[in-house]
Amino acid sequence: MKIMNCPLNGPRNISEFVYGGQVKTMPDHTLSSDSAWAEYVFYEKTEIGLVLEWWLHSPSSYWFIAERHNGSDEITRTFAPEAIFCDRVDFKTSEVPV
Amino acid sequence: MSDDAGLRTPPTRLSSDYDGAISIQDKTHKRRSGVRGIGASSWLKQQNLAAPDTPNRIILADNKTWVMSLSNREYWVLEPHEDADTFPMGRDFSEDGVYPLFCQSSHRWFVIAGEAKAQMMAKLCGVDLRSENFESGAVAQTQLALVNCIIARHTIDDEDVFSVFIDQSLAEYTLEVLLDARQEFLS
Numbered sequence: 000m001k002i003m004n005c006p007l008n009g010p011r012n013i014s015e016f017v018y019g020g021q022v023k024t025m026p027d028h029t030l031s032s033d034s035a036w037a038e039y040v041f042y043e044k045t046e047i048g049l050v051l052e053w054w055l056h057s058p059s060s061y062w063f064i065a066e067r068h069n070g071s072d073e074i075t076r077t078f079a080p081e082a083i084f085c086d087r088v089d090f091k092t093s094e095v096p097v
Numbered sequence: 000m001s002d003d004a005g006l007r008t009p010p011t012r013l014s015s016d017y018d019g020a021i022s023i024q025d026k027t028h029k030r031r032s033g034v035r036g037i038g039a040s041s042w043l044k045q046q047n048l049a050a051p052d053t054p055n056r057i058i059l060a061d062n063k064t065w066v067m068s069l070s071n072r073e074y075w076v077l078e079p080h081e082d083a084d085t086f087p088m089g090r091d092f093s094e095d096g097v098y099p100l101f102c103q104s105s106h107r108w109f110v111i112a113g114e115a116k117a118q119m120m121a122k123l124c125g126v127d128l129r130s131e132n133f134e135s136g137a138v139a140q141t142q143l144a145l146v147n148c149i150i151a152r153h154t155i156d157d158e159d160v161f162s163v164f165i166d167q168s169l170a171e172y173t174l175e176v177l178l179d180a181r182q183e184f185l186s
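If you read the protein sequences in the order shown, they are chains A and B. Residue numbering for the first sequence follows numbering that gives the first Met the number 0, beginning at 0 and increasing consecutively. Residue numbering for the second sequence follows numbering that gives the first Met the number 0, beginning at 0 and increasing consecutively.
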């Protein structure tokens, strides 16, 4: 059984976790081009190497970030999202087309 | 059918008495409530209820009330000796940053007691629940027979027990699993 370390709950069977996609910087949807938005929504990094990913510990509904090597599938570390996302991000709403 | 029939377990399936080395009780009809939010901890203090300092712990807040932390912002209040309120969240939530959790309705509450309880749970759960690794006061949010659950180790009337909380929609399946796992420990 593969084990992943949840930052809140400790080591748990991998069956308790749900993949949530790569960690990406969201562009300002009020200003970005369609292609930039599509890039953000649909495309992920495919080069072999370490990637940051969102994972959910399903029993506790806790989202966290894992660093995983997408070639060896080794999970090198996991940590709370507060380590990256410290501040609330607000986009301008006045420019949203009606 | 009585109004609270959904909260009662058919008496032929479970009892409060020991059956072999394991006792499984249904405390679903006993009182519990929850709070979540950035102000949840301070709200509990205003209610004269102590809250655990860290997630995944359960402490005795007064003589008969247990407070369980599921994160830094989520707490359940368990009162195993009191019947459920007619209105499950009969508390004042006028403060900002405090939101009610309807765990009285959302989760079934089983209490498992007996010397062999950790041994029985080892058949169903990947977390080591033996007392040397899962001491009294510990809480695990994990899976039981592939169903999401919360397991808390504490005491009720000085008896060491596991409180197991399961989503209502999966409780019947989980109860079948628990009863089946108990079979080999029957006297």
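In this text, a Cβ means the ideal position worked out from N, Cα and C, and glycines have one as well.
From the options, residue whose alpha carbon lies closest to that of residue i
i: LYS26 of chain B; options: B:GLN167, B:TYR172, B:PRO99; result: B:GLN167
i: SER135 of chain B; options: B:ASN47, B:ALA49, B:THR154; result: B:THR154
i: THR45 of chain A; options: A:TRP53, A:HIS68, A:ASP27; result: A:HIS68
i: ALA198 of chain B; options: B:VAL76, B:LEU143, B:TRP108, B:GLU78; result: Examination of residue 198 of chain B is not possible in this model, given that chain B is present from 0 through 186 alone.
i: LEU145 of chain B; options: B:ASP157, B:ASP127, B:LEU169; result: B:LEU169
i: VAL76 of chain B; options: B:LEU100, B:GLN140, B:ARG152; result: B:LEU100
i: THR92 of chain A; options: A:ILE13, A:ASP27, A:GLY19; result: A:ASP27
i: GLN103 of chain B; options: B:ARG30, B:ARG152, B:ALA139, B:SER22; result: B:ARG30
i: PHE184 of chain B; options: B:ASN47, B:ALA60, B:MET119, B:LEU59; result: B:MET119
Residue burial classification, residue i (beta-carbon count within 10 angstroms, cutoff 16)
i: MET0 of chain B; result: The predicted model places MET0 of chain B with a pLDDT of 38, which falls under 50 and marks its position as unreliable, so this point remains unresolved.
i: ALA82 of chain A; result: exposed
i: TYR61 of chain A; result: buried
i: CYS85 of chain A; result: exposed
i: THR24 of chain A; result: exposed
i: LEU177 of chain B; result: buried
i: GLN45 of chain B; result: exposed
i: ILE150 of chain B; result: buried
i: ALA35 of chain A; result: exposed
i: VAL88 of chain A; result: exposed
i: ALA180 of chain B; result: buried
i: LEU59 of chain B; result: exposed
Through-space distance from residue j to residue i, alpha-carbon basis
i: ILE47 of chain A; j: GLN182 of chain B; result: 50 angstroms
i: ASN192 of chain B; j: SER162 of chain B; result: As displayed, chain B neither begins before 0 nor continues past 186, which places residue 192 of chain B out of reach and without an answer.
i: GLY125 of chain B; j: PRO10 of chain A; result: 10 angstroms
i: PRO32 of chain A; j: PHE41 of chain A; result: Correcting the residue identity first, residue 32 of chain A is Ser in this sequence and not Pro. When rounded, the distance between both Cα atoms is 14 angstroms.
i: SER70 of chain B; j: GLU38 of chain A; result: 34 angstroms
i: GLU15 of chain A; j: HIS56 of chain A; result: 6 angstroms
i: PHE90 of chain A; j: LEU30 of chain A; result: 9 angstroms
i: GLN21 of chain A; j: ALA65 of chain A; result: 9 angstroms
i: VAL17 of chain A; j: LEU174 of chain B; result: 25 angstroms
i: ALA117 of chain B; j: SER130 of chain B; result: 8 angstroms
i: ASP72 of chain A; j: LEU7 of chain A; result: 22 angstroms
i: MET0 of chain A; j: ILE74 of chain A; result: 14 angstroms
i: VAL50 of chain A; j: VAL66 of chain B; result: 38 angstroms
i: ARG72 of chain B; j: ASN147 of chain B; result: 20 angstroms
i: ASP84 of chain B; j: SER32 of chain B; result: 10 angstroms
i: LEU49 of chain B; j: ASP61 of chain B; result: Looking at the sequence itself, residue 49 of chain B is Ala, so the reference to Leu does not match. Whole-angstrom Cα-Cα distance: 8 angstroms.
Cross-chain neighbours of residue i in chain B, by beta carbon under 7 angstroms
i: LEU7 of chain A; result: PRO54, SER70
i: GLU43 of chain A; result: None at all; the shortest Cβ gap to chain B is about 28 angstroms.
i: GLU15 of chain A; result: THR141, GLN142
i: TYR39 of chain A; result: Per Cβ cutoff of 7 angstroms: no residues; TYR39 of chain A is ~29 angstroms from chain B at best.
Cβ-based neighbour list, residue i, same chain, cut-off 6 angstroms, excluding 5 preceding and 5 following
i: SER68 of chain B; result: PRO51, PRO54, ARG56, TYR74
i: ALA137 of chain B; result: ARG152
i: TYR172 of chain B; result: none
i: ARG76 of chain A; result: GLU66
i: GLU78 of chain B; result: ARG30, THR64
Interface partners of residue i on chain A, CB under 7 angstroms
i: CYS102 of chain B; result: Within chain A, no residue comes near CYS102 of chain B; the closest Cβ sits about 13 angstroms away, beyond 7 angstroms.
Closer than 8 angstroms at the beta carbon, the chain B residues around residue i
i: LYS58 of chain A; result: Looking at the sequence itself, residue 58 of chain A is Pro, so the reference to Lys does not match. The contacting residues are GLN140, THR141, GLN142, ASN147, CYS148, ILE149.
i: ASN4 of chain A; result: Within 8 angstroms Cβ-Cβ: nothing; ASN4 of chain A doesn't reach chain B, min ~13 angstroms.
i: ARG67 of chain A; result: Those do not exist, as ARG67 of chain A stays about 21 angstroms from chain B at its closest Cβ, beyond 8 angstroms.
The ligand GDP heavy atom lying under 7 angstroms from the CB of residue i
i: GLN45 of chain B; result: Here there are no bound small molecules, and the ligand GDP is not part of this structure.
Residues near residue i in its chain [Cβ-Cβ closer than 7 angstroms; skip 5 each side]
i: VAL97 of chain B; result: VAL34, GLY36, GLY38, ALA39, TRP42
i: HIS106 of chain B; result: PHE164, ILE165, ASP166, GLN167
i: HIS80 of chain B; result: LYS63
i: PHE78 of chain A; result: PRO6, PHE63, ILE64
Same chain only: Cβ atoms within 8 angstroms of residue i, ignoring 5 sequence neighbours per side
i: GLU114 of chain B; result: ALA20
i: SER59 of chain A; result: CYS5, LEU7, ASN8
Proximal chain A residues relative to residue i, where beta-carbon distance stays under 8 angstroms
i: GLY113 of chain B; result: The contacting residues do not exist; GLY113 of chain B stays about 24 angstroms from chain A at best.
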